[in-house]
Amino acid sequence: MNALLVSQAAAQFGSLFVYIMMTRWRVAPWLRTLSRANALIALLWIHVFRYVALQAYSAQHSGFPISDQGLRDVVLGDVGGAILAFAAIALLQMRSRLGLFVAAVLVAETAYDTVTNIHGGMQEHLLGAASGLSWFILAFYVPAVVVSADVLFFRHYFWPRLIVNVAIVLVFAVFYLRFLKRPRAQPP
Numbered sequence: 730m731n732a733l734l735v736s737q738a739a740a741q742f743g744s745l746f747v748y749i750m751m752t753r754w755r756v757a758p759w760l761r762t763l764s765r766a767n768a769l770i771a772l773l774w775i776h777v778f779r780y781v782a783l784q785a786y787s788a789q790h791s792g793f794p795i796s797d798q799g800l801r802d803v804v805l806g807d808v809g810g811a812i813l814a815f816a817a818i819a820l821l822q823m824r825s826r827l828g829l830f831v832a833a834v835l836v837a838e839t840a841y842d843t844v845t846n847i848h849g850g851m852q853e854h855l856l857g858a859a860s861g862l863s864w865f866i867l868a869f870y871v872p873a874v875v876v877s878a879d880v881l882f883f884r885h886y887f888w889p890r891l892i893v894n895v896a897i898v899l900v901f902a903v904f905y906l907r908f909l910k911r912p913r914a915q916p917p
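Residues 730 to 917, numbered by my numbering, are exactly what the sequence shown covers, in order.
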């Protein structure tokens with residue numbers, strides 16, 4: 730069994746759990762005290778930094794075994810998400826209702842990007858291959874992005890948010906359990 734895969738999975742599940750509980754106990758009550766626009770802006774700022782995915786070029790150069798196409802998909806999805814988040818913030822700051830639409834598009838883009846990145850990572854046998862900064866981003870930042878997208882969409886609805894959070898954890902678990910049964914091929 731790959732120790733990096735186990736440690737990455739444990740860190741991601743731990744981060745998901747901590748972010749979900751932090752949201753339940755602290756973030757959601759605080760967001761309820763804000764106007765809708767300000768609450769959305771607070772959540773959108775987490776997504777603005779998704780351009781950190783540009784670091785994957787350095788990771789590939791240093792030996793992270795992602796294909797050029799997989800790298801482009803990851804970077805375009807995350808940089809696109811960062812642009813959408815910043816655009817939504819700007820529109821909400823200007824009190825434009827279009828900001829709500831752009832925020833909703835961001836939530837859909839984040840869901841699609843998350844699922845396709847997990848699928849691509851499985852196809853290229855990348856789960857457990859990350860190290861250094863890439864490992865840190867996957868273990869701590871990606872779960873924050875996923876949970877914040879969930880809260881963006883279900884801000885005032887506890888039960889639907891809980892169901893989505895459980896579904897997120899189950900999706901991550903299924904992908905990891907499936908991958909653990911077929912470990913990454915070792916280079917010759």
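Note that CB positions come from ideal geometry on N, CA and C, so glycine has one too.
Remember, predicted model here, so these are calculated numbers, not experimental data.
If we count the other Cβ atoms within 10 Å of its Cβ and call it buried at 16 or more, is residue i buried or exposed?
i      : result
Asn846 : buried
Tyr748 : buried
Arg779 : buried
Ala896 : exposed
Ala868 : buried
Leu813 : buried
Taking the alpha carbon of residue i as the reference point, which residue from the options has its own alpha carbon closest?
i      : options                        : result
Gly743 : Tyr870, Trp759, Pro889, Arg755 : Tyr870
Ile840 : Val880, Phe865, Asp797         : Residue identity check: residue 840 is Ala in the sequence provided, not Ile. Ranking Val880, Phe865, Asp797 by Cα distance to Ala840 puts Val880 first.
Asp807 : Ser825, Ile775, Leu820         : Ile775
Val790 : Leu899, Ile812, Ser863         : Checking the sequence, you will find His at residue 790 rather than Val. Considering only alpha carbons, the answer is Ser863.
Val836 : Val875, Ala768, Gly861         : Val875
Gly849 : Val803, Asn731, Met750         : Val803
Leu733 : Phe883, Phe793, Leu813         : Phe793
Val735 : Ile892, Leu855, Ser877         : Leu855
Phe882 : Phe830, Val903, Leu783         : Phe830
List the whole-angstrom C-beta distance separating residue i from residue j, where the pair is believed to meet the contact cut-off of C-beta under 8 angstroms.
i      : j      : result
Leu800 : Ala785 : 6 angstroms
Gln737 : Ala859 : 6 angstroms
Ser764 : Glu853 : Wrong, their Cβ atoms sit about 43 angstroms apart, outside the cutoff.
### Message
Ignoring anything shorter than 3 residues, give me the beta strand (DSSP E) runs that lie fully in the stretch 826-883, in order along the chain.
### Response
none
### Complete alpha helix (DSSP H) runs within the stretch 748-825 (minimum length 4 residues, chain order)
757-761, 765-777, 784-790, 797-822
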